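Student:
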Amino acid sequence: MIDQVGRHVLLVLVENRPGVLLRVVSLISRRGFNIESLSVGPTEDPTRSRITIITDVDDESWEQITKQLNKLIVVHKITDLTNEPSIERELVLFKVNAPAEKRSEVIEIANLFRASIVDVGKSSLTIEATGSQDKMEGLEDLLRAYGIKEITRTGKIATARNSKDV
Amino acid sequence: MADEKKQQKGTVAIAGAPRGLGSKNPKQGQTMTGAQALIASLEAEGVEVIFGYPGGQTIKMYDALYDSTQLRHVLARHEQGAVHEADGYARATGRVGVAFATSGPGATNTVTGIATAYMDSIPLVVITGQVPRAMVGSDSFQESDIVGMTMSVVKHSYLMQSSENIARTVREAFHIAKTGRPGPVLIDVPSDLLDEEVLFEYPDDVNIPSYRPTYRGNVKQTKAAARLIADAKRPVLYVGGGVVSSGASAEVTELARSMRIPVVTTLMAKGAVPSSEPLNLGLAGMHGSRYASWALDKSDLIIACGARFSDRVTGDINSFAPEAKVIHIDIDPVEIDKVREAQVPIVGDVKRVVTSLTLELEKIDAHPDTQAWIELIGEWRKQFPLYDESVGDLPDEVVPEIAMMKLSELLDPEASIVVTEVGQHQMWAAQFIERELPRTFLSSGGLGTMGFGFPAAVGAAFGCPDKTIVCIAGDGSFQMNMQEMATAAINDVPVKVVIVDNRALGMVRQWQTLFYNKRYSASELDSVPDFVKIADAYGWKAERVERPEDVVPAIKRMLSDEGSYLIDLVISRDQNVYPMVRPGKGLDDVIGVIDSGEGRTMEEGGAR
Numbered sequence: 035m036i037d038q039v040g041r042h043v044l045l046v047l048v049e050n051r052p053g054v055l056l057r058v059v060s061l062i063s064r065r066g067f068n069i070e071s072l073s074v075g076p077t078e079d080p081t082r083s084r085i086t087i088i089t090d091v092d093d094e095s096w097e098q099i100t101k102q103l104n105k106l107i108v109v110h111k112i113t114d115l116t117n118e119p120s121i122e123r124e125l126v127l128f129k130v131n132a133p134a135e136k137r138s139e140v141i142e143i144a145n146l147f148r149a150s151i152v153d154v155g156k157s158s159l160t161i162e163a164t165g166s167q168d169k170m171e172g173l174e175d176l177l178r179a180y181g182i183k184e185i186t187r188t189g190k191i192a193t194a195r196n197s198k199d200v
Numbered sequence: 009m010a011d012e013k014k015q016q017k018g019t020v021a022i023a024g025a026p027r028g029l030g031s032k033n034p035k036q037g038q039t040m041t042g043a044q045a046l047i048a049s050l051e052a053e054g055v056e057v058i059f060g061y062p063g064g065q066t067i068k069m070y071d072a073l074y075d076s077t078q079l080r081h082v083l084a085r086h087e088q089g090a091v092h093e094a095d096g097y098a099r100a101t102g103r104v105g106v107a108f109a110t111s112g113p114g115a116t117n118t119v120t121g122i123a124t125a126y127m128d129s130i131p132l133v134v135i136t137g138q139v140p141r142a143m144v145g146s147d148s149f150q151e152s153d154i155v156g157m158t159m160s161v162v163k164h165s166y167l168m169q170s171s172e173n174i175a176r177t178v179r180e181a182f183h184i185a186k187t188g189r190p191g192p193v194l195i196d197v198p199s200d201l202l203d204e205e206v207l208f209e210y211p212d213d214v215n216i217p218s219y220r221p222t223y224r225g226n227v228k229q230t231k232a233a234a235r236l237i238a239d240a241k242r243p244v245l246y247v248g249g250g251v252v253s254s255g256a257s258a259e260v261t262e263l264a265r266s267m268r269i270p271v272v273t274t275l276m277a278k279g280a281v282p283s284s285e286p287l288n289l290g291l292a293g294m295h296g297s298r299y300a301s302w303a304l305d306k307s308d309l310i311i312a313c314g315a316r317f318s319d320r321v322t323g324d325i326n327s328f329a330p331e332a333k334v335i336h337i338d339i340d341p342v343e344i345d346k347v348r349e350a351q352v353p354i355v356g357d358v359k360r361v362v363t364s365l366t367l368e369l370e371k372i373d374a375h376p377d378t379q380a381w382i383e384l385i386g387e388w389r390k391q392f393p394l395y396d397e398s399v400g401d402l403p404d405e406v407v408p409e410i411a412m413m414k415l416s417e418l419l420d421p422e423a424s425i426v427v428t429e430v431g432q433h434q435m436w437a438a439q440f441i442e443r444e445l446p447r448t449f450l451s452s453g454g455l456g457t458m459g460f461g462f463p464a465a466v467g468a469a470f471g472c473p474d475k476t477i478v479c480i481a482g483d484g485s486f487q488m489n490m491q492e493m494a495t496a497a498i499n500d501v502p503v504k505v506v507i508v509d510n511r512a513l514g515m516v517r518q519w520q521t522l523f524y525n526k527r528y529s530a531s532e533l534d535s536v537p538d539f540v541k542i543a544d545a546y547g548w549k550a551e552r553v554e555r556p557e558d559v560v561p562a563i564k565r566m567l568s569d570e571g572s573y574l575i576d577l578v579i580s581r582d583q584n585v586y587p588m589v590r591p592g593k594g595l596d597d598v599i600g601v602i603d604s605g606e607g608r609t610m611e612e613g614g615a616r
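Top line first, the protein sequences correspond to chains Z and H.
The numbering used here puts the first residue of the first sequence at 35, with every later residue one more than the last.
The numbering used here puts the first residue of the second sequence at 9, with every later residue one more than the last.
#1: Select from Z:S158, Z:A134, Z:N104, Z:T100 the residue whose C-alpha is nearest the C-alpha of Z:F128.
#2: Taking a Cβ distance cut-off of 9 Å, strictly less, list which residues of the stretch 150 to 169 of chain H are near chain Z, in chain order.
#3: Express the C-alpha separation of H:F462 and H:A494 in angstroms, rounding to a whole number.
#4: Starting from Z:S60, find everything on chain H with Cβ-Cβ shorter than 8 Å and list it in chain order.
#5: Tell me, please, whether the CB atom of H:V342 is closer than 9 Å to any CB atom in chain Z?
#6: Under DSSP, the alpha helix (DSSP H) around H:F486 begins and ends at which residues?
#7: Give me the subset of the stretch 89 to 109 of chain Z whose CB atoms are less than 9 Å from a CB atom of chain H, sorted by chain position.
#8: Between the C-alpha atoms of H:T609 and H:P587, what's the straight-line distance to the nearest angstrom?
#9: Along the chain, where does the alpha helix (DSSP H) containing H:L418 start, and where does it finish?
#10: If the cut is a Cβ gap below 7 Å, which residues of chain Z does H:S146 touch?
#11: Who are H:S424's beta bridge partners in DSSP?
#12: Comparing alpha-carbon positions, which option in H:G114, H:E606, H:S451, H:L201 lies nearest H:V399?
#13: Going by C-alpha distance, which of H:R189, H:K228, H:L577, H:T521 is nearest H:P341?
#14: DSSP three-state call for Z:N196: helix, strand or coil?
#15: Taking any Cβ of chain Z, which residues in the stretch 196 to 227 of chain H have a Cβ under 7 Å from it, in chain order?
#16: Tell me where the beta strand (DSSP E) around H:I310 begins and ends.
#17: Please work out which residues of its chain come closer than 6 Å, Cβ to Cβ, to H:N288, disregarding the five sequence neighbours upstream and downstream, and give them in chain order.
#18: I'd like the ranges of any beta strand (DSSP E) spanning at least 3 consecutive residues and lying wholly in the stretch 565 to 609 of chain H.
#19: At 9 Å on the CB atoms, spell out the chain H contacts of Z:G53, in chain order.
#20: In the structure shown, what three-state DSSP assignment does H:S146 receive?
#21: Inspect the beta-carbon positions of Z:I85 and H:Y219 and report whether they are closer than 9 Å.
#22: Pull the bridge partners of H:H620 from the DSSP assignment, please.
#23: Out of curiosity, what's the CA-to-CA distance linking H:S452 and H:I480?
#24: Just to confirm the assignment, what range does the alpha helix (DSSP H) spanning H:Q439 have?
#25: Please report the residue range of the alpha helix (DSSP H) in which H:L365 lies.
#26: Please classify H:K346: does DSSP put it in a helix, a strand, or coil?
#27: Run through the stretch 125 to 212 of chain H for me and flag every whole beta strand (DSSP E) of 3 or more residues, listed as ranges in chain order.
#28: Is Z:M35 close to chain H? Criterion is C-beta to C-beta, closer than 9 Å.
#29: Exposed or buried, what is H:H375 when buried is set at 16 or more other beta-carbons lying within 10 Å of its beta-carbon?
#30: Going along chain C, which residues have a C-beta under 7 Å from H:K346?
#31: In terms of residues, what are the limits of the alpha helix (DSSP H) holding Z:N104?
#32: Going by C-alpha to C-alpha distance, which of H:V133, H:Q150, H:G250 sits closest to H:L194?
#33: When the Cα atoms are used, what is the spatial distance from H:Q169 to H:F317?
#34: From H:T499 to Z:V59, what distance separates their C-alpha atoms?
#35: Would the stretch 422 to 431 of chain H and the stretch 328 to 347 of chain H be scored as touching if the rule is three or more Cβ pairs under 8 Å?
#36: Can you tell me the Cα-Cα spacing of H:K371 and H:I269, whole angstroms?
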């Protein structure tokens with residue numbers, strides 16, 4: 035994946051306890067940086083959570099943020115995927131206008147993107163899609179023609195490619 | 009080598025173990041209430057003094073405290089005072105300061121104290137009461153989210169969720185507060201936990217896998233540092249508060265002497281290297297001497313030891329020390345490259361690193377040729393003194409610089425601690441009070457907290473009863489926590505206060521004089537209150553000094569008196585602190601330097 039200028043991807047392995055996310059997030063937002071994407075979930079070890087943070091900052095500030103995060107007592111490990119081969123995924127739910135006469139068109143587009151229909155209403159469809167940012171943007175562009183009522187994203191999760199371990 | 013190992017084991021920063029009996033405490037294994045377990049934990053940790061103020065949600069703690077013979081509770085008159093007192097106690101003794109406050113307003117009153125300790129890396133454990141767990145988040149009476157409010161000014165904090173965790177949490181809090189880069193730790197205790205029955209088992213060790221400070225410096229970097237020092241022509245040791253918290257004064261002073269390297273200190277490091285050491289140039293930066301600032305600015309190698317390149321030291325960072333390479337020794341990796349790029353960063357405990365560095369320098373037989381550099385600085389020192397009679401102070405007025413010099417002469421540097429408030433008087437004290445030992449000059453360096461100094465002096469007096477505690481205050485700062493006169497009076501701990509009284513917020517007024525056309529907006533306080541009468545009301549002795557010839561006799565009376573004593577030292581409002589680096593400018597852009605024999609060189613209109 036090619037990174038945008040200033041875009042940084044960070045995995046933060048933390049204690050799975052109340053208040054931990056706030057400590058991590060406030061450290062970043064305190065400096066006025068906007069978090070583009072954030073997702074949190076428990077890991078293979080139930081006492082730990084992994085936070086994936088994507089944010090736009092200059093490299094110097096980024097180094098400071100990484101060090102400051104490392105300093106938090108609740109942070110176990112930080113992996114910077116910014117310049118590493120990695121896999122990024124995000125799950126997106128699109129609620130699209132789809133009256134009966136357009137429904138099959140929309141379903142066809144969803145199928146092309148290997149997205150699935152998870153809910154059908156009288157005049158709308160809900161599509162669940164996952165994949166890279168490019169793919170999601172492509173799908174969004176096509177669906178826009180039908181009228182998107184709502185987009186909900188999980189926030190991106192990322193992991194290093196296995197080759198990194200070898 | 010064995011000697012070195014032994015010495016390193018004794019490093020203050022790595023002594024994370026309880027000072028007290030730990031798991032061998034006599035209450036171990038007993039069943040008791042949560043409140044009793046909290047108090048027993050503090051006893052097992054070896055705490056002797058707690059500064060605090062009770063309230064609804066801490067009544068149970070205080071009830072358990074009532075039975076303790078080991079813990080002395082000092083009742084402050086304001087929670088902010090209590091935290092500053094614990095801070096002053098910690099700075100003076102090197103131990104962890106402990107403060108108690110109740111929920112809600114009690115807790116919010118601790119915030120400035122906690123922030124002050126955080127900025128200066130002072131180990132504190134602050135324990136606040138919280139409303140019962142079932143009521144948290146319901147806007148109940150005297151509820152405040154103190155954990156949320158203090159998140160950015162604590163090293164770590166706990167919102168206790170289970171009474172079983174009381175002992176472990178206290179142990180962890182003390183361990184975190186005093187190891188690595190020290191700092192304040194907050195424990196918020198919902199009061200319902202204090203009623204629950206618990207089996208008291210105090211642990212000796214902590215297991216925090218995510219917290220492992222680095223103490224030993226990288227060997228390769230240490231060697232690289234030694235080579236840079238060996239080749240340096242204009243090196244300078246830039247000594248900060250980390251040298252004090254690491255207990256590395258002797259090692260750093262020895263490094264300076266053996267390699268013939270001049271030393272500049274930050275405000276936090278005053279006393280870390282003796283003032284009597286000829287290589288010690290004292291304070292550099294905004295109100296530092298020209299020779300100390302120039303030594304930094306014109307050096308070819310800065311060896312930063314536990315210092316963080318504060319803007320008050322460097323001035324405009326872009327023009328700071330353009331020819332210098334930097335060796336940066338700090339226990340906190342965050343400080344490396346934060347402000348100034350380091351050619352040789354060494355993360356580790358200053359005491360350990362400097363010990364290894366000295367050995368390495370011996371090994372390569374380093375003798376940097378610094379003679380010409382030392383002579384050059386000596387010439388600057390002669391030409392640009394910090395004070396000279398040629399500045400033309402009026403003979404019938406008390407001159408703050410001279411008063412500070414006299415006070416310094418009359419103090420026994422081995423048996424006194426000077427604590428300052430924040431403002432002009434703080435800078436005069438930093439310039440003219442000579443100190444020989446670390447932990448004998450206490451000041452709010454990072455946060456610059458007015459109202460810190462006096463309660464901190466009270467706290468220091470509890471920690472060091474055999475030393476004379478002198479607080480140098482301004483009339484503005486002193487009024488911010490002067491209620492703590494009661495704390496000193498009631499507990500019979502003598503504190504000496506010298507208020508450098510100009511009936512103004514002197515530092516603000518100085519900036520207005522120099523940069524705002526003498527438009528004295530909200531900076532003049534007038535002669536209210538009468539500090540002598542205030543002191544009298546609190547049962548203190550006090551006198552007002554208005555004439556220069558009365559200064560020395562008054563100080564002598566103050567120092568020979570056994571109790572608390574206040575001197576209201578009246579100075580002119582127009583006295584300014586010089587030299588002064590123009591705010592935001594480089595260390596070369598200085599106002600009010602004295603050029604020997606020619607008086608003060610002033611570029612700005614009319615101020616003396």
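Backbone N, C-alpha and C define an ideal beta-carbon position, used for all residues, glycine too.
This structure is a prediction, so every number in the text was calculated from the model and none was measured.
Tutor: Well, looking at it:
#1: Looking up residue 128 of chain Z in the first sequence gives position 94. Of Z:S158, Z:A134, Z:N104, Z:T100, the residue nearest in Cα terms is Z:S158.
#2: V155, G156, M159, S160, K163, H164, S165, L167, Q169
#3: In the second sequence, residue 494 of chain H corresponds to position 486, counting from 1. In the second sequence, residue 462 of chain H corresponds to position 454, counting from 1. Roughly 12 Å separates the two Cα atoms.
#4: On the first sequence, residue 60 of chain Z is found 26 positions in, with the first residue counted as 1. Under the 8 Å cutoff, chain H gives M159, S160.
#5: Translated into positions along the second sequence, residue 342 of chain H becomes position 334. It does; some Cβ of chain Z falls within 9 Å.
#6: By 1-based counting over the second sequence, the position of residue 486 of chain H is 478. Boundaries of the alpha helix (DSSP H) around H:F486: 483 to 486.
#7: E94, E97, Q98, K101, Q102, N104, K105, L106, I107, V108, V109
#8: In the second sequence, residue 609 of chain H corresponds to position 601, counting from 1. In the second sequence, residue 587 of chain H corresponds to position 579, counting from 1. Straight-line Cα distance between these residues: approximately 10 Å.
#9: Reading the second sequence from its first residue, position 410 is the one you call residue 418 of chain H. From DSSP, the alpha helix (DSSP H) with H:L418 extends over 408 to 418.
#10: The sequence position of residue 146 of chain H within the second sequence is 138, counting from 1. Ordered by position in chain Z, no residue passes the 7 Å Cβ test against H:S146, which lies about 17 Å from the chain.
#11: For the purposes of this step, residue 424 of chain H is identified with residue 416 of the second sequence, where counting begins at 1. Note: H:S424 sits in a beta bridge opposite H:T476.
#12: Locating residue 399 of chain H in the second sequence gives position 391, counting from the first residue. The candidate whose alpha carbon is nearest that of H:V399 is H:E606.
#13: Numbered from its first residue, the second sequence carries residue 341 of chain H at position 333. That would be H:R189, whose Cα lies nearest to the Cα of H:P341.
#14: Start at 1 with the first residue of the first sequence, and residue 196 of chain Z comes out as number 162. Taken through DSSP and simplified to helix, strand or coil, Z:N196 comes out as helix.
#15: I216, P217, S218, Y219
#16: In the second sequence, residue 310 of chain H corresponds to position 302, counting from 1. Here the beta strand (DSSP E) through H:I310 covers 309 to 313.
#17: The residue labelled residue 288 of chain H in the question sits at position 280 within the second sequence. Same-chain partners within the cutoff: V271, V281.
#18: 573 to 578, 601 to 603, 607 to 609
#19: Reading the first sequence from its first residue, position 19 is the one you call residue 53 of chain Z. Going along chain H in sequence order, the residues near Z:G53 (Cβ under 9 Å) are V155, G156, M159, S165, L167.
#20: Locating residue 146 of chain H in the second sequence gives position 138, where the first residue counts as 1. In this structure, H:S146 counts as coil in the three-state DSSP scheme.
#21: As a working mapping, residue 85 of chain Z is identified with position 51 in the first sequence. As a working mapping, residue 219 of chain H is identified with position 211 in the second sequence. No, the pair does not count as a contact, with Cβ atoms beyond the cut-off.
#22: No information on residue 620 of chain H is available, as it lies outside the stretch 9 to 616 that chain H covers here.
#23: Counted from its first residue, the second sequence places residue 452 of chain H at position 444. Counted from its first residue, the second sequence places residue 480 of chain H at position 472. Here the alpha carbons of H:I480 and H:S452 stand approximately 12 Å from one another.
#24: In the second sequence, residue 439 of chain H corresponds to position 431, counting from 1. Unbroken alpha helix (DSSP H) run through H:Q439: 432 to 440.
#25: For the purposes of this step, residue 365 of chain H is taken as residue 357 along the second sequence, with counting starting at 1. Boundaries of the alpha helix (DSSP H) harbouring H:L365: 358 to 371, taken from the DSSP string.
#26: Taking the second sequence and counting its residues from 1, the one referred to as residue 346 of chain H is at position 338. Here H:K346 sits in coil by DSSP.
#27: 132 to 138, 164 to 167, 192 to 198, 205 to 207
#28: Taking the first sequence and counting its residues from 1, the one referred to as residue 35 of chain Z is at position 1. Caution is warranted here: a pLDDT of 40 is assigned to Z:M35, below 50, making its placement in the model unreliable, and the coordinate value is therefore given only provisionally. Chain H, which has no Cβ nearer than 9 Å to the Cβ of Z:M35, makes this no.
#29: Here residue 375 of chain H corresponds to residue number 367 of the second sequence, with the count starting at 1. Exposed, because fewer than 16 other Cβ atoms sit within 10 Å of the Cβ of H:H375.
#30: In the displayed structure, chain C is absent; the protein chains listed are Z and H.
#31: Reading the first sequence from its first residue, position 70 is the one you call residue 104 of chain Z. Segment 93 to 105, the alpha helix (DSSP H) holding Z:N104.
#32: As a working note, residue 194 of chain H is residue 186 in the second sequence. Out of H:V133, H:Q150, H:G250, H:V133 has the C-alpha closest to the C-alpha of H:L194.
#33: Numbered from its first residue, the second sequence carries residue 169 of chain H at position 161. Numbered from its first residue, the second sequence carries residue 317 of chain H at position 309. Each residue's Cα considered, the two are about 40 Å apart.
#34: Along the second sequence, read from residue 1 onward, the residue named residue 499 of chain H stands at position 491. Along the first sequence, read from residue 1 onward, the residue named residue 59 of chain Z stands at position 25. Checking the sequence shown, residue 499 of chain H turns out to be Asn, not Thr. Rounded to the nearest whole angstrom, the CA to CA distance from H:N499 to Z:V59 is 45 Å.
#35: no
#36: As a first step, residue 371 of chain H is located in the second sequence; it is residue number 363 there, counting from the start. As a first step, residue 269 of chain H is located in the second sequence; it is residue number 261 there, counting from the start. C-alpha separation (whole angstroms): 18 Å.
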